[in-house]
Each structure stands twice: as structure tokens, then as C-alpha cells.
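Position 217 of the sequence shown, counted from 1, bears residue number 236 in this note's numbering, the numbering being contiguous throughout.
For each residue, glycine too, the CB sits at the ideal point set by N, CA and C.
For reference, the structure discussed in these notes is given below.
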Amino acid sequence: MSRETVTITDNRTGKSMECPIIKGTHGPPVINCQSLYKEMGMFTFDPAYVTTASCESRITFIDGEKGILLYRGYPIEQLAENSSYLEVCYLLLNGELPTEEQMKSFQASICQHTMLHEGLLSFYKGFRHDAHPMAMLVGVVGALSGYYSDLKTDIKSHEYRMGSAIRLIAKMPTIAANSYKYLIGQPYVYPQTNLSYVANFMNMMFSVPREPYKFNETAIKALEIMLILHADHEQNASTSTVRLAGSSQAHPYSCIAGGIATLWGPAHGGANEAVIRMLQEIGNVKNIPKYLKKFKDKSDPTRLMGFGHRVYKNYDPRAKIIRKSCHNLLHELDATKEPLFEIALELERIALSDDYFIKRKLYPNVDFYSGMILSALGIPLNMFTVMFAVARSVGWISQWMEMMEEEDLRIGRPRQLYLGAAQRDYVPMDQRT
Ligand code: SDX
Numbered sequence: 020m021s022r023e024t025v026t027i028t029d030n031r032t033g034k035s036m037e038c039p040i041i042k043g044t045h046g047p048p049v050i051n052c053q054s055l056y057k058e059m060g061m062f063t064f065d066p067a068y069v070t071t072a073s074c075e076s077r078i079t080f081i082d083g084e085k086g087i088l089l090y091r092g093y094p095i096e097q098l099a100e101n102s103s104y105l106e107v108c109y110l111l112l113n114g115e116l117p118t119e120e121q122m123k124s125f126q127a128s129i130c131q132h133t134m135l136h137e138g139l140l141s142f143y144k145g146f147r148h149d150a151h152p153m154a155m156l157v158g159v160v161g162a163l164s165g166y167y168s169d170l171k172t173d174i175k176s177h178e179y180r181m182g183s184a185i186r187l188i189a190k191m192p193t194i195a196a197n198s199y200k201y202l203i204g205q206p207y208v209y210p211q212t213n214l215s216y217v218a219n220f221m222n223m224m225f226s227v228p229r230e231p232y233k234f235n236e237t238a239i240k241a242l243e244i245m246l247i248l249h250a251d252h253e254q255n256a257s258t259s260t261v262r263l264a265g266s267s268q269a270h271p272y273s274c275i276a277g278g279i280a281t282l283w284g285p286a287h288g289g290a291n292e293a294v295i296r297m298l299q300e301i302g303n304v305k306n307i308p309k310y311l312k313k314f315k316d317k318s319d320p321t322r323l324m325g326f327g328h329r330v331y332k333n334y335d336p337r338a339k340i341i342r343k344s345c346h347n348l349l350h351e352l353d354a355t356k357e358p359l360f361e362i363a364l365e366l367e368r369i370a371l372s373d374d375y376f377i378k379r380k381l382y383p384n385v386d387f388y389s390g391m392i393l394s395a396l397g398i399p400l401n402m403f404t405v406m407f408a409v410a411r412s413v414g415w416i417s418q419w420m421e422m423m424e425e426e427d428l429r430i431g432r433p434r435q436l437y438l439g440a441a442q443r444d445y446v447p448m449d450q451r452t
């Protein structure tokens with residue numbers, strides 16, 4: 020079959036080369052320009068990787084124009100409707116939905132690893148009581164790498180990699196809940212093996228000695244959906260950090276700690292917390308026009324948090340699901356008059372009819388409503404991005420595993436366009452003017 024190619028010609032010299040076009044299952048084809056520098060003596064230039072495919076992957080597919088999100092080929096709407104977070108973890112890690120048998124054994128493995136080594140608990144004590152819990156997550160997950168076997172021998176084994184993935188998925192809720200308990204000065208609640216993944220998390224977060232936690236099934240379902248929607252998202256900033264760190268064959272948990280650090284930024288996973296702070300600052304629907312003016316003012320760096328997305332130039336499919344789940348939860352909790360929710364609905368309505376946002380295809384993303392659900396669940400604001408990190412851990416470690424299984428794994432090492440000083444000689448201090 021004739022290879023489909025793109026011709027790149029340097030019009031200064033007439034020199035040209037053929038770059039193969041590679042087509043995927045879905046999505047735009049790619050131009051394989053790996054030999055560009057060797058053939059043409061030039062680099063491609065794509066700051067922020069707006070138009071760069073950094074790897075091959077079989078895990079998640081996003082169509083930004085059509086608002087499609089697939090995990091291993093399954094539409095996110097169907098998984099949010101029918102699946103559990105742990106079943107989605109199995110799917111992302113293994114590529115197929117589990118049989119009943121496989122699910123039981125996976126669930127048992129997760130249950131077995133929810134506890135932390137007691138030595139890890141002392142890491143929390145090193146943080147001030149007003150530290151952001153994301154700082155603790157970066158620290159404690161990074162410290163996990165000191166508790167597991169040396170990677171030099173194990174990283175090549177699928178069994179070791181899968182074991183690292185199961186331990187991470189199992190321990191993240193415990194690490195997250197402990198950071199919350201440390202901040203409020205309450206005793207840690209140990210994981211229970213007789214509770215579901217989400218119920219166990221809620222119990223570790225909210226139960227206190229002598230007062231058993233009262234479970235609310237609607238709240239648990241809403242959190243389950245939240246975790247499913249945030250589980251993976253192709254090559255976003257934090258996943259790309261995990262992949263780049265992993266390409267040096269670093270310990271998986273130190274790579275995940277890098278992913279957590281990246282997710283913390285308000286332009287990325289920190290947006291769910293920033294959305295609520297923005298709604299609190301707006302304070303009243305009457306103030307919305309004034310704030311929208313501010314968000315559109317180029318001289319003002321503040322943006323409408325929870326709006327816009329590098330890939331979705333249409334509605335983020337997760338935002339649609341989460342908006343509905345948010346409505347249901349607030350109805351169930353009789354909190355539809357929740358002022359922040361009213362402001363959010365009105366802000367969305369106005370923004371979606373505003374030329375500035377329409378022209379730039381800026382729609383609500385997953386973070387616009389997720390904060391509402393988390394606050395309705397009683398999860399404190401500074402724990403919102405922690406929840407995102409708990410959910411995304413399976414995405415990060417699945418992408419890390421996929422990369423580690425590549426035949427010719429090479430360290431990621433981008434180049435640059437150098438605009439600094441031209442080469443020059445050293446001038447002794449006493450001759451400088
Ligand atoms: C997540 O990548 C992922 O998949 C991430 C994520 C995941 O699951 O991993 O989906 C999770 O991070 C969701 C995004 C959460 N972040 C926010 O909600 C923060 C607010 N959004 C913006 O910061 C922004 O939209 C980004 C960061 C999300 C996307 O930035 P881009 O693609 O670099 O967009 P851009 O800066 O090129 O914007 C294009 C134009 C610019 O105006 P012009 O220069 O063309 O005049 O749109 C404007 C921007 O100023 N713009 C906004 C805006 N987002 C973009 N203007 C006001 N408010 C906004 N939110």
C-alpha cells in the first residue's frame with residue numbers, strides 16, 4: 020500500500036523530504052516528522068504542544084469538536100451511568116471491562132493495600148496546620164517511592180508495574196483523607212475492608228470516634244461519578260509530566276508526585292477550587308456583568324474559571340454529566356437555592372450568550388460544576404483538587420504503564436528555539452564597564 024506522506028520543502032534551498040502520515044483508530048492523522056532534524060537540519064516549533072502528538076496511546080480518546088470522551092473505546096456517558104470507579108480503574112489498566120470473577124479479585128487486591136505504612140504518617144507532622152493538602156499529597160506520594168522495592172530490577176516486570184498501580188489506587192483515598200484529618204486536628208480513620216471504595220473514603224474523611232458516619236447513598240453515587248469523570252483525559256499537562264518523568268525510568272510514585280504537582284495549578288486541576296473562590300467573590304448574580312467584563316479584559320490576567328479547554332472547543336461532555344448530577348444532588352439535599360449554584364447557572368447562561376466566549380469557543384469544562392458537588396458533599400474547598408488527584412491517579416499510572424511497556428522506550432528530551440546571547444568570550448571583571 021503506497022505510504023501516504025506529507026512533503027516538507029525548504030523554500031530557501033528547494034530541499035524537501037517526505038514525512039509519513041500515520042492514521043489512528045479515531046482522531047486526526049499525524050505527520051511523523053521524527054527525521055526532520057536529520058534530513059532538514061530544523062526542529063518543529065510548538066510551545067505548549069498545541070498541535071503535537073507526544074506519544075501513541077490506546078487508553079483515552081477525546082474529540083474536542085464533537086465533545087466525545089472514550090475510555091478504552093467506551094463513551095464516558097455510558098460508564099458514568101453504569102459503572103463504578105473501580106470497574107473503570109480495571110478497564111483503564113487492562114483495556115477490557117472485567118468479568119465478575121476478575122472484578123472480585125481486583126476489588127480484593129485494592130482492599131488489601133488501602134493501609135499506609137505507619138512510618139508514612141509521620142510525614143504529615145512536618146506540615147504546618149495551614150498547609151495546602153495538595154502540598155501534603157505531593158510529599159507523601161513522593162515518599163511512597165521510599166517504601167517500595169528498588170526499581171532497577173522490577174520496573175521491567177508487568178507484575179511489578181501492575182502491583183504499583185494497585186497499591187497507588189488503593190492508597191490515594193487514605194493519603195487524601197489523612198491530609199484532611201491532619202489539617203483539622205482529628206485522629207486518622209483507618210480504611211475498612213467492608214466498605215466500597217467511595218464509602219470507605221467518605222468514612223475516612225468524616226467519621227469521628229464514638230460517632231459512626233451516616234452514609235448518604237446519593238452523595239456516594241455523586242462522588243463515584245465525579246471520580247469516573249476525572250479518571251483519565253489523554254495527554255493533559257499532569258499526565259504528560261508523569262510520562263516525561265517516567266521516560267527517565269524514575270520510580271513510578273515519584274512520577275505520580277510530579278503529576279500531582281502539575282495538577283495543582285489553577286489552569287489545570289486547581290480550577291475546581293478556583294471556580295468556587297470566583298463564585299464566592301462574585302457573591303451575587305447582579306455582579307456577574309462586572310466580573311464578565313473583567314474576565315474579558317486582556318489587561319487583567321483573571322479568567323472565567325471553569326470555562327475553556329485546550330481540546331474541547333464544544334461542551335466538555337463531563338460538564339454535561341456533572342451538571343445533571345449536581346442538580347440531582349442539590350435537589351436531594353434540598354439545596355437548589357444554594358447561592359453559589361444560582362450564580363453558577365446564571366454565569367453559565369450569560370457567558371454562553373456572550374460573543375467573546377462564543378467566538379473563542381469557551382464552554383464550561385468539568386471543573387465548572389465539580390466544585391458545587393464537592394461542596395454539597397461537605398468536602399472542604401482546599402480538598403477539591405485533592406479529589407481530582409485521587410480520581411486521576413488511575414489515569415496517570417495507566418499511562419505510565421503503557422509507556423513502560425513500549426519496546427523502544429526512550430527518554431523524552433524536547434529541543435528549543437535559542438534566542439539568547441550569541442557566542443562571546445569571557446571578559447575579566449576589571450575590564451568590564
Ligand atoms: C482541566 O487538558 C486537559 O485535559 C485538562 C483537564 C483534564 O481532565 O486533565 O480537562 C482538566 O484542566 C480543565 C481546565 C481547567 N482550567 C480552567 O477552567 C481555567 C480557566 N481556563 C483557561 O485558563 C483556559 O481556557 C485553559 C487553560 C483551560 C485552556 O487554555 P488554552 O487552550 O491555552 O487557551 P488560550 O489561552 O489559547 O485561550 C484562547 C483565547 C484567549 O483569548 P485571545 O488571546 O484569543 O483573545 O481564549 C481566552 C484567552 O484569553 N480564554 C479565556 C478563558 N480561556 C481562554 N478568557 C476568559 N476566561 C477563560 N476561562
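- prompt: Enumerated in chain order, which unbroken segments of the alpha helix (DSSP H) with a length of 4 residues or greater are wholly contained in the segment 156-185?
  reply: You should have 170-173.
field: Straight-line gap, Asn255 to His148 (C-alpha atoms, nearest Å)
entry: Along the sequence shown, one-based indexing puts residue 255 at 236. Along the sequence shown, one-based indexing puts residue 148 at 129. Looking at the two C-alpha atoms, the distance is approximately 31 Å.
message: With H, G and I counted as helix, E and B as strand and the rest as coil, what does DSSP make of Asp449?
response: Here residue 449 refers to the residue found at position 430 of the sequence shown. The three-state reading of DSSP puts Asp449 in helix, counting H, G and I together.
query: Regarding Arg9 and the ligand SDX, is the C-beta to nearest heavy atom distance less than 7 Å?
result: For the chain, the structure presents residues 20 to 452; residue 9 sits outside this window and is missing.
Rounded separation between Gly278 and Ile194 - CA only: Sequence index remark: in the sequence shown, residue 278 carries index 259 (1-based). Sequence index remark: in the sequence shown, residue 194 carries index 175 (1-based). Between Gly278 and Ile194, the alpha-carbon positions lie close to 16 Å from each other.
message: Once the 5 residues before and after Phe360 are set aside, which same chain residues still bring their CB inside 8 Å of it?
response: Counting from one through the sequence shown, the residue named residue 360 turns up at place 341. Answer for Phe360: Cys345, Leu349, Ala354, Met391, listed in chain order.
- request: Report yes if the C-beta of His151 is less than 7 Å from at least one heavy atom of the ligand SDX; otherwise report no.
  value: Counted from its first residue, the sequence shown places residue 151 at position 132. The closest heavy atom of the ligand SDX lies 7 Å or more from the beta carbon of His151.
message: So, at 8 Å on beta carbons, what are the nonlocal neighbours of Asn333 in its own chain, with the 5 sequence-adjacent residues on each side left out?
response: Here residue 333 refers to the residue found at position 314 of the sequence shown. So the qualifying residues of the chain are Gly83, Glu84, Lys85, Gly86, Lys380, Tyr382.
- prompt: Would you say the beta carbon of Met59 comes nearer than 7 Å to a heavy atom of the ligand SDX?
  reply: Indexing the sequence shown from 1 puts residue 59 at position 40. Outside the cutoff, so no.
message: Can you find the residues in the same chain that come closer than 6 Å, C-beta to C-beta, to Leu400, ignoring five residues on each side of it along the sequence?
response: Locating residue 400 in the sequence shown gives position 381, where the first residue counts as 1. Cβ within range, chain order: Glu292, Ile295.
message: Going by DSSP, what residue range makes up the alpha helix (DSSP H) through Thr404?
response: Numbered from its first residue, the sequence shown carries residue 404 at position 385. Per DSSP, the continuous alpha helix (DSSP H) segment holding Thr404 begins and ends at 403-423.
field: Boundaries (first-last residue) of the alpha helix (DSSP H) holding Val478
entry: This structure cannot speak to residue 478, because the chain is shown only from 20 to 452.
- request: Consider the C-beta atom of Asn303 and the heavy atoms of the ligand SDX; say whether any pair is separated by less than 7 Å.
  value: Locating residue 303 in the sequence shown gives position 284, where the first residue counts as 1. For the ligand SDX, not one heavy atom lies less than 7 Å from the Cβ of Asn303.
task: Could you have a look at Ile301 and say whether DSSP puts it in helix, strand or coil?
output: Translated into the one-based positions of the sequence shown, residue 301 becomes position 282. The answer is helix: DSSP assigns Ile301 an H, G or I state.
- prompt: At a cut-off of 7 Å, is Pro117 close to the ligand SDX when judged by its beta-carbon and the heavy atoms of the ligand?
  reply: Position 98 of the sequence shown, counted from the start, is the residue given in the question as residue 117. For the ligand SDX, not one heavy atom lies less than 7 Å from the Cβ of Pro117.
- prompt: Are the beta-carbon atoms of Val405 and Leu156 separated by less than 8 Å?
  reply: If you number the sequence shown from 1, residue 405 lands on position 386. If you number the sequence shown from 1, residue 156 lands on position 137. For Val405 and Leu156, yes; Cβs fall inside 8 Å.
- prompt: Leaving out five residues before and five after Asp373 in sequence, what residues of the same chain have Cβ atoms less than 6 Å from its Cβ?
  reply: To locate residue 373, count along the sequence shown from 1; it is residue 354. So no residue of the chain qualifies.
message: Going by the DSSP bridge assignment, what does Ala326 pair with across the sheet?
response: Reading the sequence shown from its first residue, position 307 is the one you call residue 326. For clarity, residue 326 is Phe in the given sequence; the question names Ala instead. Phe326 pairs with Pro383.
message: Please report the straight-line C-alpha distance between Ala241 and Ala218, rounded to a whole angstrom.
response: Counting from one through the sequence shown, the residue named residue 241 turns up at place 222. Counting from one through the sequence shown, the residue named residue 218 turns up at place 199. C-alpha separation (whole angstroms): 11 Å.
field: DSSP beta-bridge partners of Asp82
entry: As a position in the sequence shown, residue 82 is number 63, starting the count at 1. DSSP, once it has assigned bridges, lists Ile87 as partnering Asp82.
message: On the DSSP bridge list, what partners appear for Val227?
response: Along the sequence shown, one-based indexing puts residue 227 at 208. BP columns for Val227 point to Glu230.
message: Beta-carbon within less than 8 Å of Thr26's beta-carbon, same chain only, minus the 5 sequence neighbours each way: which residues are those?
response: Working through the sequence shown from its first residue, we reach residue 26 at position 7. Excluding sequence neighbours, Thr26 sits near Ser35, Met36, Glu37, Cys38.
For Gly284 and Lys144, the rounded distance between their alpha carbons: The residue you call residue 144 lines up with position 125 of the sequence shown. The residue you call residue 284 lines up with position 265 of the sequence shown. Their Cα atoms are separated by approximately 24 Å.
query: Does the segment 241-252 come within contact of the segment 88-98, defined as at least 3 CB pairs closer than 8 Å?
result: Counting Cβ pairs under 8 Å, three or more are found: they touch.
Touching by the beta-carbon criterion (3+ pairs, under 8 Å), the segment 109-129 and the segment 181-194: Enough Cβ pairs lie closer than 8 Å, so yes.
- prompt: Would you call Ala440 buried or exposed, if buried means 16 or more other Cβ atoms sit within 10 Å of its Cβ?
  reply: To locate residue 440, count along the sequence shown from 1; it is residue 421. It is exposed - the Cβ of Ala440 has fewer than 16 other Cβ atoms within 10 Å.
- prompt: Roughly how many whole angstroms lie between the Cα atoms of Thr32 and Arg337?
  reply: Looking up residue 32 in the sequence shown gives position 13. Looking up residue 337 in the sequence shown gives position 318. Thr32 and Arg337 have their C-alpha atoms roughly 49 Å apart.
query: DSSP on Pro152, reduced to helix/strand/coil?
result: Numbered from 1 along the sequence shown, position 133 holds the residue referred to as residue 152. Correct three-state label for Pro152: helix.
Start-to-end residues for the alpha helix (DSSP H) that takes in Pro285: By one-based count along the sequence shown, residue 285 stands at place 266. Looking at the DSSP string, Pro285 is not in any alpha helix (DSSP H), and its letter there is neither H nor E.
- prompt: Is it buried or exposed for Asp427, if we count other Cβ within 10 angstroms and need 16 for buried?
  reply: Here residue 427 refers to the residue found at position 408 of the sequence shown. Asp427 comes out exposed.
Lys42 versus Ser259: straight-line alpha-carbon distance, rounded: Numbered from 1 along the sequence shown, position 23 holds the residue referred to as residue 42. Numbered from 1 along the sequence shown, position 240 holds the residue referred to as residue 259. Between Lys42 and Ser259, the C-alpha separation is close to 21 Å.
field: Glu37, enclosing beta strand (DSSP E) - first and last residue
entry: As a first step, residue 37 is located in the sequence shown; it is residue number 18 there, counting from the start. Where Glu37 is concerned, the enclosing beta strand (DSSP E) starts and stops at 35-41.
- prompt: Leaving out five residues before and five after Ile430 in sequence, what residues of the same chain have Cβ atoms less than 6 Å from its Cβ?
  reply: By 1-based counting over the sequence shown, the position of residue 430 is 411. Counting only Cβ-Cβ distances below 6 Å, and skipping sequence neighbours, we find Ser266, Ser267.
Contact check, Leu111 vs Gly414, beta carbons under 8 Å: Walking along the sequence shown from the start, residue 111 turns up at place 92. Walking along the sequence shown from the start, residue 414 turns up at place 395. In this structure, Leu111 places its C-beta atom within 8 Å of the C-beta atom of Gly414.
Secondary structure of Asn30, DSSP reduced to three states: As a first step, residue 30 is located in the sequence shown; it is residue number 11 there, counting from the start. Coil, per DSSP.
- request: Report yes if the CB atom of Ile341 is closer than 8 Å to the CB atom of Ser389, and no otherwise.
  value: The residue you call residue 341 lines up with position 322 of the sequence shown. The residue you call residue 389 lines up with position 370 of the sequence shown. Closer than 8 Å, so yes.
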